[in-house]
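Letter 188 of the sequence shown, counting from 1, is numbered 252 in our numbering, and no numbers are missing. From the three backbone atoms N, C-alpha and C, an ideal C-beta is built for every residue, glycine too. Okay, so here's the structure we're looking at.
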Amino acid sequence: MTERLARIAGVGAWLPDRILTNDELSRMVDTSDSWIRERTGIRQRHIAPEGVTTADLAEQAARRALDDAGIAPEAVDLIVVATTTPDFTFPSVGTMLQARLGATKGAAFDVQAVCTGFVYALSVADNMIARGQAGTALVVGAETMSRILDWTDRSTCVLFGDGAGAMVLTADQSSDNSDEARTGILGTYLRSDGRFKDLLHVDGGPSSTGTVGHLRMIGNQVFRHAITNIAESMTTIADRAGVAIADIDWFVPHQANQRILEGVAKRLSIPTEKVISTVADHGNTSAASVPLAFDRAVQDGRIKRGDLVLMEALGGGFTWGAALARF
Ligand code: UT7
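Structure representation (structure tokens):
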């Protein structure tokens, strides 16, 4: 029996140049560098300048991932963009990206699962590749969270940043199903529970208020759910794949809060050296955070070919989930 696996052929990321420090924020709202660092681990975040949009960030990250994979844009037959901050209500960032890259085959669209968006997008692309609906997929997480923040609300505006990350997946028809030979996405696990929408949401939209709205969060309640749900999704995906948490080489979490990363690691007895953290430099970039962190760890030589990597996230909705891959 042959199995069509989605191999991670390349990764890429992009951040706008402009950096907003905690000290600058402390001149805008009643906060301090020490509060932000102690409660979140965040030191700075990147902010897209006026006129730079989610599609611009997505395009830069996508081009880098395609270069890394050595794949021409014309070969791409699926684009899935995870974003909560699209340029327009429609067209999707996915189809905008398709046109910018000169890709004309297959399909392009967005998925909206907020901070879990990249894990959802990866799952969609993986399943489409497994079913033979696509052969070369571009999966992007891209956000301009700065555009939906209330810059007078200290409880949220200090947490988020802008950026994009991307992965290229290619269909790999392997005739060898031994564990070592199975390279690519080994499984994804998606969850949601809409009852918790009020804890983390945006208070506007085209069909309700007619405005874009602002992000609202009851942070300490989200925090508690995050640790429990993320740990559950990690053990579930590892169990389903028949691997022990201890056998996983790297953990690439959604970057919401350094204390969440450490809390989950402690709960599952994971050494913190195995947890890729970019939250200090990027803040919470929502759907972009997992591929941004993945790219950094590949670029600095930590994640290597053949390593077993677990990605996870929790976001508004609530949505949460995990993906396991052999890189
Ligand atoms: O990405 C999607 C998932 N999102 C998350 O996972 C985020 C989860 N939540 C968190 O990361 C944390 O809950 C926060 C970082 C958002 C907040 O940290 P916390 O330790 O849970 O603080 P808190 O919300 O319980 O607030 C503690 C105090 C409050 O003051 P009082 O009521 O004790 O006097 C807040 O008003 O800290 C105050 N506070 C601030 N003080 C200075 C809230 N924001 C700030 C701020 N600067 N920026």
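Margin query: Considering Cα atoms alone, identify which of Ala352, Ala361, Phe358 and Asp364 is closest to Ala146.
Written below: The shortest C-alpha separation from Ala146 is found at Ala352.
Buried or exposed for Ala163, going by 16 or more other Cβ atoms inside 10 Å?
Ala163 is exposed by the Cβ-count criterion.
Item to complete: Report yes if the CB atom of Thr200 is closer than 8 Å to the CB atom of Arg71, and no otherwise.
Response: For Thr200 and Arg71, no; Cβs fall outside 8 Å.
* Within the present structure, is the beta-carbon of Arg280 separated from the nearest heavy atom of ligand 1 by less than 7 Å? -> With a threshold of 7 Å, the Cβ atom of Arg280 does not count as near ligand 1, since no heavy atom of the ligand is closer than that.
Can we say the segment 135-153 touches the segment 166-181, given the rule of at least three CB pairs closer than 8 Å?
With a cut-off of 8 Å, the segment 166-181 and the segment 135-153 count as touching, because enough Cβ pairs lie within range.
Proximal residues to Thr117 (C-beta, below 6 Å), its chain only, five neighbours per side dropped = Result list for Thr117: Asp151, in chain order.
Item to complete: Closer than 8 Å by C-beta to Thr168: which residues in its own chain qualify, once you throw out the five before and the five after it? Chain order, please.
Response: Counting only Cβ-Cβ distances below 8 Å, and skipping sequence neighbours, we find Glu138 and Gln162.
Tell me which residue opens and which closes the alpha helix (DSSP H) that Arg218 is part of. In the DSSP annotation of this structure, the continuous segment of the alpha helix (DSSP H) that includes Arg218 starts and ends at Arg218 to Cys221.
Requested in this report: Measure the alpha-carbon distance for Ala329 versus Gly166 and round it to whole angstroms.
Outcome: Their Cα atoms are separated by approximately 42 Å.
Exercise. Would you decide whether Trp384 is buried or exposed? Buried here means 16 or more other CB atoms lie within 10 Å of its CB.
Key: Classification of Trp384: buried, given that the 10 Å Cβ count is 16 or more.
- Any contact of the segment 194-208 with the segment 218-232, i.e. 3+ C-beta pairs under 8 Å? At 8 Å Cβ cutoff, the stretches touch.
Item checked: Residue of Thr252, Leu263 and Gly196 minimising C-alpha distance to Thr220 -> Among Thr252, Leu263 and Gly196, the Cα nearest to that of Thr220 is on Leu263.
Fill in: Selected residue, minimal CA-CA separation from Ala125, among Val232, Val178 and Arg218
Closest by alpha carbon: Val232.
Would you be able to state if there are at least three C-beta pairs under 8 Å between the segment 351-368 and the segment 306-320?
By the Cβ test, the segment 306-320 is in contact with the segment 351-368, since at least three Cβ pairs between them sit closer than 8 Å.
For Ala305 and Asp236, I'd like the C-alpha separation in whole angstroms.
Near 18 Å, if we compare the C-alpha coordinates of Asp236 and Ala305.
Problem - Contact check, Val339 vs Gly105, beta carbons under 8 Å - result: No, these two residues do not count as a Cβ contact at 8 Å.
Closer than 7 Å: Asn293 CB and nearest ligand 1 heavy atom = Answer for Asn293: no, Cβ out of range of ligand 1.
Cα-Cα separation, Ala122 to Asp132: If you take the alpha carbons of Ala122 and Asp132, they lie about 15 Å apart.
- Given a cut-off of 8 Å, decide if Val144 and Val75 are closer than it, judged by their beta-carbon atoms. No. Outside cutoff.
Just how far apart, CA to CA, sit Gly258 and Arg101? In this model, Gly258 and Arg101 are separated by some 31 Å (Cα to Cα).
**Study point:** Bridge partners - Gln237, DSSP secondary structure assignment
**Key:** Paired residue(s): Arg68.
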